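K.L.:
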Amino acid sequence: MPSRIVEGRTTADAEGDVVVLLIGMRVNHLWAVHQWFPVMLAMFRMLAELARDPDRGLLGRVLLTASPRTYYVVQYWESKEKLYAYATAPDAFHHRVRALVNRRERAGRVRGHVGIWHETYVVPEGAYESVYGDMPAFGLAAAHGQVPLEKRGRYAKDRFAHRSAGTPATGKTG
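Residues in the sequence shown are numbered from 1083 upward in steps of one, following this note's numbering.
(1) Just the C-alpha distance for Ala1225 and Val1156, rounded to the nearest angstrom, thanks.
(2) The alpha helix (DSSP H) that contains Asp1216, what's its start and end?
(3) I'd like the span of the alpha helix (DSSP H) that includes Trp1199, first residue to last.
(4) Taking buried to mean at least 16 other C-beta atoms within 10 Å of its own C-beta, is Val1196 buried or exposed?
(5) Between which residues of its own chain and Ala1130 is the CB-CB distance below 8 Å, once the five residues before and five after are set aside?
(6) For Arg1180, name the three-state secondary structure that DSSP assigns.
(7) How close, in whole Å, do the beta carbons of Gly1215 and Arg1086 come, if the pair is a contact with beta carbons under 8 Å?
(8) Can you list, in chain order, the residues of its chain whose CB lies under 6 Å from that of Glu1211, leaving out five sequence neighbours each side?
(9) How about Val1101 and Tyr1153: are their beta carbons less than 9 Å apart?
(10) What residues in its chain sit with their C-beta under 7 Å from that of Gly1253, if we drop five residues either side in the sequence?
(11) Just list the residues that DSSP pairs Thr1152 with in beta bridges.
(12) For Pro1230, report the span of its beta strand (DSSP E) as first-last.
(13) Using a Cβ-Cβ cutoff of less than 6 Å, which residues in the same chain neighbour Leu1146 once the five nearest sequence positions on both sides are dropped?
(14) Ordered along the chain, which non-local residues of its own chain (more than five positions away) have a Cβ less than 7 Å from that of Leu1104?
(15) Could you pull the start and end residues of the beta strand (DSSP E) that Ala1094 belongs to?
(16) Would Ile1198 and Val1183 be called neighbours here (beta carbons separated by less than 9 Å)?
(17) My understanding is that Pro1276 touches Val1109, with C-beta atoms under 8 Å, so please give their C-beta distance in whole angstroms.
(18) Under 9 Å between the Cβ atoms of His1176 and Met1128?
Written as structure tokens, this is what we have:
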């Protein structure tokens, strides 16, 4: 079902720090489908697991491709603590996948057919802003909510200057 388009200009309704995880894979050898396809399926299974349990902290995600060989997910999390808790939770599918990858690496059975990577950013309030024109909630707005642009400021400098209640002007939280 397509998302509802919000007419006009809007911005994300994020408050405080924003946690962004970029995680993906690169198919190094196209012919090694038996190596990279399970990695892709594992990512989809982890996303499904997280969607079933919102208390784990994943707020939103966007699936993207950088090339015909590189696929990744931009994920927005409630906190770095919840992200870390999921990554290390013994009951999470990620834990089983990571253990399997570690065993294969130690046994010398990883042969470079597929690359995996991630980058994590904790972006302090005052160091992010967004604008969407005639768009359904997307990215940061899908994760944190979408509000009319005027609520945060017409110009980027105004949106960068926005502070949630009780946040000092330095942009630091907690």
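A virtual CB, placed ideally from N, CA and C, is assigned to each residue, including glycine. All values reported here derive from a predicted model rather than from experimental measurement.
P.N.:
Once the coordinates are examined:
(1) For the purposes of this step, residue 1225 is identified with residue 143 of the sequence shown, where counting begins at 1. For the purposes of this step, residue 1156 is identified with residue 74 of the sequence shown, where counting begins at 1. Rounded to the nearest angstrom, the two C-alpha atoms are 11 Å apart.
(2) The sequence position of residue 1216 within the sequence shown is 134, counting from 1. In the DSSP assignment, Asp1216 falls outside any alpha helix (DSSP H) and lies within the beta strand (DSSP E) extending over 1214-1217.
(3) What you label residue 1199 is simply residue 117 of the sequence shown in a count that begins at 1. Careful: Trp1199 lies outside any alpha helix (DSSP H), inside the beta strand (DSSP E) at 1196-1205.
(4) Here residue 1196 refers to the residue found at position 114 when the sequence shown is read from its first residue. Result: buried.
(5) Reading the sequence shown from its first residue, position 48 is the one you call residue 1130. Listed in chain order, the non-local C-beta contacts of Ala1130 below 8 Å within the same chain number zero, local neighbours out to five positions each way being set aside.
(6) For the purposes of this step, residue 1180 is identified with residue 98 of the sequence shown, where counting begins at 1. When secondary structure is reduced to three states using DSSP, Arg1180 falls in the helix class.
(7) Taking the sequence shown and counting its residues from 1, one reaches residue 1215 at position 133. Taking the sequence shown and counting its residues from 1, one reaches residue 1086 at position 4. Between Arg1086 and Gly1215 the Cβ distance is about 15 Å, and since that is not below 8 Å, they are no contact.
(8) Your numbering for residue 1211 matches position 129 in the sequence shown. Counting only Cβ-Cβ distances below 6 Å, and skipping sequence neighbours, we find Ala1238, Arg1241, Phe1242.
(9) What you label residue 1101 is simply residue 19 of the sequence shown in a count that begins at 1. What you label residue 1153 is simply residue 71 of the sequence shown in a count that begins at 1. Contact flag unset, no.
(10) In the sequence shown, counting from the first residue as 1, residue 1253 sits at position 171. Residue placement at Gly1253 is poorly supported in this model, since its pLDDT is 45, which falls under 50; the coordinates still yield a value, given next. Taken in chain order, the residues that qualify are Pro1206, Glu1207, Gly1208, Ala1209.
(11) In the sequence shown, counting from the first residue as 1, residue 1152 sits at position 70. Bridge partners of Thr1152: Arg1108.
(12) Residue 1230 sits at position 148 when you count from the first residue of the sequence shown. 1228-1230 is the extent of the beta strand (DSSP E) around Pro1230.
(13) The residue labelled residue 1146 in the question sits at position 64 within the sequence shown. Excluding sequence neighbours, Leu1146 sits near Tyr1154.
(14) Working through the sequence shown from its first residue, we reach residue 1104 at position 22. Contacts found: Tyr1154, Val1156, His1200, Glu1201.
(15) Position 12 of the sequence shown, counting from 1, holds the residue named residue 1094. Where Ala1094 is concerned, the enclosing beta strand (DSSP E) stretches over 1088-1094.
(16) Counting from one through the sequence shown, the residue named residue 1198 turns up at place 116. Counting from one through the sequence shown, the residue named residue 1183 turns up at place 101. For Ile1198 and Val1183, yes; Cβs fall inside 9 Å.
(17) Past the boundaries of the shown model lies residue 1276; the chain is included only from 1083 to 1256, so the question cannot be answered.
(18) Working through the sequence shown from its first residue, we reach residue 1176 at position 94. Working through the sequence shown from its first residue, we reach residue 1128 at position 46. Yes, these two residues count as a Cβ contact at 9 Å.
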